[in-house]
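Q:
There are 2 protein chains.
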Amino acid sequence: MQLIEGYTQLIEKAIAKQQFQGQPRNLYEPISYILSLGGKRLRPALTLAACELYGSKATEALDAALAIEIFHNFSLVHDDIMDKADLRRGQATVHKKWNQDIAILSGDAMLVKAYQYLAKVDTQVLPAVLEVFSQTAIEVCEGQQLDVNFETQDQVLEADYIEMIRLKTSVLLGCALKIGALVAGASSVEAENLYHFGEKIGIAFQIQDDILDAFGEPEKFGKTPGGDILNNKKTIMMIHALNHANDDQQLHLLASNIQAAEKIKTVQELFVSLGSKAHAMRVMDRFYQEALVHLEKSNGKDALKKELATFAEWLIKRDL
Amino acid sequence: MQLIEGYTQLIEKAIAKQQFQGQPRNLYEPISYILSLGGKRLRPALTLAACELYGSKATEALDAALAIEIFHNFSLVHDDIMDKADLRRGQATVHKKWNQDIAILSGDAMLVKAYQYLAKVDTQVLPAVLEVFSQTAIEVCEGQQLDVNFETQDQVLEADYIEMIRLKTSVLLGCALKIGALVAGASSVEAENLYHFGEKIGIAFQIQDDILDAFGEPEKFGKTPGGDILNNKKTIMMIHALNHANDDQQLHLLASNIQAAEKIKTVQELFVSLGSKAHAMRVMDRFYQEALVHLEKSNGKDALKKELATFAEWLIKRDL
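Residue numbers (my numbering), protein chains in the order written: chain F, 52 to 371; chain A, 52 to 371.
#1: Would you check whether the ligand NAP has a heavy atom nearer than 7 Å to the C-beta of Ile230 (chain F)?
#2: Once you ignore the five residues that flank Leu371 (chain A) on each side, which residues in its own chain have a CB closer than 6 Å to its CB?
#3: Once the 5 residues before and after Lys147 (chain A) are set aside, which same chain residues still bring their CB inside 6 Å of it?
#4: In terms of alpha-carbon separation, which member of A:Met161, A:Ile280 and A:Trp149 lies closest to Glu120 (chain A)?
#5: Could you spell out where the alpha helix (DSSP H) holding Asp173 (chain A) opens and where it closes?
#6: Under the three-state reduction of DSSP, which class applies to Leu88 (chain A): helix, strand or coil?
#7: Report the neighbours of Val163 (chain F) on chain D: residues whose CB is nearer than 8 Å to its CB, in chain order.
#8: Does the beta carbon of Asp152 (chain F) come closer than 8 Å to any beta carbon on chain A?
#9: Whole-angstrom Cβ separation of Gly231 (chain F) and Ala115 (chain F), contact assumed at under 8 Å?
#10: Along chain F, which residues have their Cβ under 9 Å away from the Cβ of Ile155 (chain A)?
#11: Is it true that the CB of Asp152 (chain A) sits closer than 8 Å to the CB of Gln195 (chain A)?
#12: Mapping the DSSP letters down to three states, classify Arg94 (chain A) as helix, strand or coil.
#13: With a threshold of 7 Å on Cβ separation, who are the neighbours of Arg369 (chain F) within its own chain once the five nearest residues in sequence on each side are excluded?
#14: When you compare only the Cα positions, how much space is there between Met335 (chain F) and Ala306 (chain F)?
#15: Give me the chain A residues within the contact set of Pro81 (chain F), using Cβ-Cβ distance strictly less than 8 Å, ordered along the chain.
#16: On a Cα-Cα basis, can you pick out the residue from A:Ala227, A:Lys68 and A:Glu320 that is closest to Ala109 (chain A)?
#17: Which residue's Cα is closest to the Cα of Ser221 (chain F): F:Thr98, F:Ile252, F:His303 and F:Leu325?
#18: Does the structure place the segment 311-330 of chain A close enough to the segment 277-288 of chain A that three or more beta carbon pairs sit under 8 Å?
#19: So, does the CB of Gln69 (chain A) fall closer than 8 Å to a CB anywhere in chain F?
#20: In this structure, how does DSSP classify Gln310 (chain F) when only helix, strand and coil are distinguished?
#21: So, for Gln69 (chain F): in the same chain, excluding its five sequence neighbours on each side, which residues have a beta-carbon less than 6 Å away from its beta-carbon?
#22: Give me the Cα-Cα distance between Leu355 (chain A) and Ala100 (chain A), rounded to the nearest whole angstrom.
#23: Using C-beta distances below 7 Å, list every residue in its chain close to Thr187 (chain A), excluding the 5 sequence neighbours before and after it, in chain order.
#24: List the DSSP bridge partners of Leu138 (chain F).
#25: Return the CA-CA distance between Val172 (chain A) and Ser107 (chain A), expressed in angstroms with no decimal places.
#26: Mapping DSSP to helix, strand and coil, what is Ser239 (chain F)?
#27: From Pro178 (chain A) to Ala170 (chain F), what distance separates their C-alpha atoms?
#28: When the Cα atoms are used, what is the spatial distance from Tyr79 (chain F) to Thr174 (chain F)?
#29: Using a Cβ cut-off of 9 Å, pull out every chain F residue sitting near Thr220 (chain A), in sequence order please.
#30: Output needed for Met52 (chain F): all residues of its chain with C-beta closer than 8 Å, excluding positions within five of it in sequence on either side, in chain order.
#31: Of the residues that make up the segment 168-184 of chain A, which ones have a beta carbon closer than 8 Å to any beta carbon in chain F?
#32: Do you know whose CA, among A:Ala265, A:Asn283, A:Ala311 and A:Val183, lies nearest Val234 (chain A)'s CA?
#33: Helix, strand or coil, according to DSSP, for Arg369 (chain F) in the structure here?
#34: Can you tell me which of the three DSSP states Lys352 (chain A) falls into?
#35: May I ask you to report which of helix, strand or coil DSSP gives Ser157 (chain A)?
#36: From the DSSP output, in three-state form, read off Thr275 (chain A) for me.
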């Protein structure tokens with residue numbers, strides 16, 4: 052993962068250098084603020100990696116990578132409003148630190164800023180880059196809307212859940228990789244194949260995240276597990292468990308008049324005894340394997356393919 | 052105004068044909084809904100007019116014109132959330148008819164859709180078209196943020212007010228014209244000159260709107276006048292009046308413990324006696340004249356220049 056770590060450092064330095072100095076200040080300060088909160092910078096690092104995979108220097112894709120990271124943070128600012136989230140990466144969310152109007156408008160400005168960075172790519176690849184970026188941006192909106200809709204929906208099918216996480220999370224990983232490949236001059240077939248690597252690994256990554264949310268060790272996962280369980284969130288495990296539970300177990304899975312720690316423990320045990328955790332791990336592994344098939348097909352540089360394979364493995368084998 | 056009316060009909064038909072049929076439906080229905088509420092379609096009509104001004108067919112700029120109209124409606128959807136507006140063109144606003152989450156997300160999707168329509172322009176002009184569009188989009192956000200900030204600001208200078216309406220309203224008129232010119236292959240100097248025509252006429256138009264909001268006849272203006280007065284909105288007239296009022300008059304201008312009709316009447320009288328209405332009309336006329344100078348300089352087709360001059364006159368001489 053040395054290369055990927057090098058890319059994330061490149062991104063980190065580039066972000067620190069960006070000036071969002073327009074007026075009025077309360078439109079621009081939230082942009083610098085949310086970008087300064089960190090995060091893993093995985094998406095823009097993938098853009099740089101894909102660019103090197105096809106023989107160009109990582110720095111050539113730097114503006115496109117920043118566009119991806121700014122877009123990702125735009126979606127966080129608006130999602131945090133909808134989720135009524137107070138904290139993001141341990142700090143106050145934009146709508147909490149400022150207010151909701153500012154969070155809406157700064158988010159809008161970030162979406163436009165993302166297009167401004169993207170428009171710096173070579174004119175020759177600009178139409179193709181814009182196409183995948185806009186399509187992805189729309190799909191991320193669709194995914195977020197589906198996620199919101201699922202909250203009040205009695206039944207969610209596993210296929211619908213996977214489609215939701217594909218749209219909300221994984222298409223942006225595919226897009227980040229595809230744009231890096233396009234900037235490096237890769238063919239559309241190659242770029243599309245790499246997109247699917249990102250798409251599949253993104254789904255595996257999100258399922259892993261759901262498993263970690265239920266079973267992760269706090270000191271390794273970075274937050275207290277059980278959030279999804281307490282919110283009765285219809286993750287792949289909850290959907291599986293509800294489908295396999297008897298009436299009494301169903302009540303336990305959705306119980307709300309119960310102490311938090313006890314609820315988490317009960318549901319964790321049901322996720323295990325009903326085979327829901329094992330099922331989630333199998334599905335995750337299926338998408339992981341599919342991702343590797345796409346990576347293998349790539350005709351990019353071997354060193355970078357190996358690096359991306361290591362990265363993929365790291366993504367889905369984070370501390371359990 | 053026959054040509055402009057023809058363009059607005061072209062836009063109206065094109066909008067009726069657009070299908071926003073993605074899933075989930077509650078992300079896409081608000082897009083069709085807000086676009087179906089009508090409006091004058093002035094901005095996209097200007098894009099078509101500018102395209103014909105430089106010798107191309109209006110239809111060649113149709114996608115770009117739709118991008119402008121979709122962007123304009125995106126900004127209305129998000130502004131209505133911030134303004135807590137229940138009605139837009141006599142119908143429920145998106146956040147009222149659905150909810151706030153949907154209004155945020157549908158708005159985001161519309162902004163992306165606008166870029167998708169815009170990306171259909173000829174590759175040769177795409178970078179220049181993207182540049183003015185993104186710059187304008189950012190400025191519209193800045194204008195809206197300034198407008199929100201002014202609400203809680205004790206003192207607003209006239210210059211700041213004019214800068215706010217330039218950003219919030221008039222740059223989009225300039226952008227609409229410039230993009231039409233670029234699509235038709237006009238030089239950057241010509242396109243920029245036409246931009247300034249739109250920018251100046253847009254400021255005149257907004258000042259006219261402020262005057263109509265205070266003095267318009269309801270049956271002609273389309274809404275009951277006095278809204279800005281009741282909200283103590285710092286329009287150009289209010290700023291002028293506060294600067295020229297004695298202490299007693301100041302209290303009347305900002306009074307809130309008074310019946311609505313009486314407040315409107317008192318403030319209208321003060322706007323007249325303090326010379327604020329006359330001042331606003333002078334400033335409006337100054338921008339109108341500056342706009343005409345830019346139009347005169349254009350080397351576009353005479354018939355279209357005449358049409359745009361008639362349009363400009365109509366814009367700022369609406370029923371008073």
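Glycine residues also receive a C-beta, built at the ideal position from the N, C-alpha and C atoms. The structure presented is a predicted model; accordingly, all values stated were derived computationally and were not measured.
A: Reading from the atomic positions:
#1: Because no ligand of any kind appears in the structure shown, any question about the ligand NAP cannot be addressed here.
#2: Against the second sequence, residue 371 (chain A) aligns to sequence position 320. Confidence at Leu371 (chain A) is low in this model, with a pLDDT of 48, below 50, so the placement of that residue should be treated as unreliable; the coordinate-derived value is given next. Excluding positions up to five away in sequence, the list is empty.
#3: Start at 1 with the first residue of the second sequence, and residue 147 (chain A) comes out as number 96. Excluding positions up to five away in sequence, the list reads Asp137.
#4: Position 69 of the second sequence holds residue 120 (chain A). The candidate whose alpha carbon is nearest that of Glu120 (chain A) is A:Met161.
#5: Position 122 of the second sequence, counted from the first residue, corresponds to residue 173 (chain A). No alpha helix (DSSP H) contains Asp173 (chain A), which DSSP labels as neither H nor E.
#6: What you label residue 88 (chain A) is simply residue 37 of the second sequence in a count that begins at 1. Coil, per DSSP.
#7: No chain D is part of this structure, whose protein chains are labelled F and A.
#8: Position 101 of the first sequence holds residue 152 (chain F). Answer yes: the Cβ-Cβ gap between Asp152 (chain F) and chain A drops below 8 Å somewhere.
#9: For this step, residue 231 (chain F) is matched to residue 180 along the first sequence. For this step, residue 115 (chain F) is matched to residue 64 along the first sequence. So it is a contact: roughly 7 Å between Cβ atoms.
#10: Translated into positions along the second sequence, residue 155 (chain A) becomes position 104. Those are His129, Ile132, Met133, Ile155 and Gly158, listed as they occur along chain F.
#11: Residue 195 (chain A) sits at position 144 when you count from the first residue of the second sequence. Residue 152 (chain A) sits at position 101 when you count from the first residue of the second sequence. Cβ atoms of Gln195 (chain A) and Asp152 (chain A): not closer than 8 Å.
#12: For the purposes of this step, residue 94 (chain A) is taken as residue 43 along the second sequence, with counting starting at 1. Of the three classes helix, strand and coil, the one that applies to Arg94 (chain A) here is helix, per DSSP.
#13: For this step, residue 369 (chain F) is matched to residue 318 along the first sequence. Excluding positions up to five away in sequence, the list reads Gln259 and Leu263.
#14: Here residue 335 (chain F) refers to the residue found at position 284 when the first sequence is read from its first residue. Here residue 306 (chain F) refers to the residue found at position 255 when the first sequence is read from its first residue. Whole-angstrom Cα-Cα distance: 27 Å.
#15: Counted from its first residue, the first sequence places residue 81 (chain F) at position 30. Within chain A, no residue comes near Pro81 (chain F); the closest Cβ sits about 10 Å away, beyond 8 Å.
#16: Against the second sequence, residue 109 (chain A) aligns to sequence position 58. If we check each option's Cα against that of Ala109 (chain A), A:Ala227 comes out closest.
#17: Walking along the first sequence from the start, residue 221 (chain F) turns up at place 170. If we check each option's Cα against that of Ser221 (chain F), F:Ile252 comes out closest.
#18: yes
#19: Taking the first residue of the second sequence as position 1, residue 69 (chain A) is located at position 18. No, Gln69 (chain A) does not count as interfacial toward chain F.
#20: Here the question's residue 310 (chain F) lines up with position 259 in the first sequence. Three-state DSSP puts Gln310 (chain F) in coil, outside helix and strand.
#21: As a working mapping, residue 69 (chain F) is identified with position 18 in the first sequence. Hits under 6 Å: none found.
#22: Taking the first residue of the second sequence as position 1, residue 355 (chain A) is located at position 304. Taking the first residue of the second sequence as position 1, residue 100 (chain A) is located at position 49. Between Leu355 (chain A) and Ala100 (chain A), the C-alpha separation is close to 7 Å.
#23: Here residue 187 (chain A) is taken as the residue at index 136 of the second sequence, counted from 1. Within the same chain, Thr187 (chain A) has close Cβ partners Val222, Leu223 and Cys226.
#24: In the first sequence, the residue the question calls residue 138 (chain F) occupies position 87. Leu138 (chain F) pairs with F:Ala143.
#25: On the second sequence, position 121 is the one that residue 172 (chain A) refers to. On the second sequence, position 56 is the one that residue 107 (chain A) refers to. Taking C-alpha positions only, Val172 (chain A) is separated from Ser107 (chain A) by approximately 13 Å.
#26: If you number the first sequence from 1, residue 239 (chain F) lands on position 188. The answer is helix: DSSP assigns Ser239 (chain F) an H, G or I state.
#27: Taking the second sequence and counting its residues from 1, the one referred to as residue 178 (chain A) is at position 127. Taking the first sequence and counting its residues from 1, the one referred to as residue 170 (chain F) is at position 119. C-alpha separation (whole angstroms): 7 Å.
#28: In the first sequence, counting from the first residue as 1, residue 79 (chain F) sits at position 28. In the first sequence, counting from the first residue as 1, residue 174 (chain F) sits at position 123. When rounded, the distance between both Cα atoms is 28 Å.
#29: Here residue 220 (chain A) refers to the residue found at position 169 when the second sequence is read from its first residue. Chain F residues near Thr220 (chain A): none, gap ~16 Å exceeds 9 Å.
#30: Within the first sequence, residue 52 (chain F) is the residue found at index 1, counting from 1. Within the same chain, Met52 (chain F) has close Cβ partners Glu358, Thr361, Phe362 and Trp365.
#31: Correct list: Ala170, Thr174, Leu177, Pro178, Leu181 and Glu182.
#32: Counting from 1 along the second sequence, the entry for residue 234 (chain A) is found at position 183. Closest by C-alpha distance to Val234 (chain A), out of A:Ala265, A:Asn283, A:Ala311 and A:Val183, is A:Val183.
#33: Taking the first sequence and counting its residues from 1, one reaches residue 369 (chain F) at position 318. In the structure shown, Arg369 (chain F) sits in coil (DSSP, three-state: anything other than H, G, I, E or B).
#34: Translated into the one-based positions of the second sequence, residue 352 (chain A) becomes position 301. Lys352 (chain A): coil per DSSP, three-state reduction.
#35: The residue you call residue 157 (chain A) lines up with position 106 of the second sequence. DSSP places Ser157 (chain A) in helix when its eight states are reduced to three.
#36: Indexing the second sequence from 1 puts residue 275 (chain A) at position 224. Here Thr275 (chain A) sits in coil by DSSP.
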